[in-house]
Amino acid sequence: MFADLEELALDAANYYKERDMYKESSTFFEIVIEARTHIQKGEEMYEIEA
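This is the structure in structure tokens:
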């Protein structure tokens, strides 16, 4: 789920960046960072369980 969100947000961020809409772009880049944080936490949980 977070991987899909990350990909979509990254596409949107790049779309707005290419159109010089930096405020909107940065909003989506923040979502990318948050999604990646959740993904990394999830990987750490699986490592602990294994």
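No gaps in the numbering here: position 6 of the sequence shown is 1178 in the working numbering, and each next residue is one more.
Note that beta-carbon positions come from the ideal geometry of N, C-alpha and C, so glycine has one too.
Can you find the residues in the same chain that come closer than 6 Å, C-beta to C-beta, to residue i, ignoring five residues on each side of it along the sequence?
i     : result
A1185 : S1197, F1200, F1201
R1191 : none
Since residue i is in the alpha helix (DSSP H), which residue starts that stretch and which ends it?
i     : result
D1176 : 1174–1190
Using C-beta distances below 8 Å, list every residue in its chain close to residue i, excluding the 5 sequence neighbours before and after it, in chain order.
i     : result
V1204 : E1178, A1181, L1182, A1185
Applying the 10 Å Cβ sphere with the 16-neighbour rule, what's the burial state of residue i?
i     : result
A1207 : buried
Apart from the five residues on each side of it in sequence, which residues of its chain come closer than 7 Å, Cβ to Cβ, to residue i?
i     : result
A1175 : I1211
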